[in-house]
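In terms of the working numbering, the sequence shown opens at residue 2 and continues consecutively.
Even for Gly, the Cβ is constructed at its ideal location relative to N, Cα and C.
All figures in this text were calculated on a predicted structure; none of them were measured in a lab.
Let me begin by presenting the structure, written as structure tokens, before commenting on it.
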Amino acid sequence: QWYIWILVNVSSISLWTVAVMSGVGSGNAAVMLIKYIFYLLNSLNGLRIWLSLSRESARPTLPDDGHRP
């Protein structure tokens, strides 16, 4: 799911960059561009956290020898 959001955000950034460069509503387009840059950063951070949590849960645990300390 994070990969899809990253793709959506990169696509939106490229579209809003074209709008800013062409000058069509550049004030609003610049705000939207900044918004999608923050969305991209957020989705990259979410992916980073998700990957680290999935690595932690995939670590093998020590076998239980049946003895309690």
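Cβ neighbours of residue i in the same chain (closer than 7 Å, five flanking residues each side left out)
i	result
residue 38	14
Outcome for residue i when other beta-carbon atoms lying within 10 angstroms are tallied against a minimum of 16
i	result
residue 17	buried
residue 23	exposed
residue 12	exposed
Nonlocal neighbours in the same chain, by C-beta distance under 6 Å from residue i, ignoring five residues either side
i	result
residue 47	3
Beta-carbon gap between residue i and residue j smaller than 8 Å
i	j	result
residue 25	residue 34	no
residue 10	residue 52	no
residue 6	residue 44	yes
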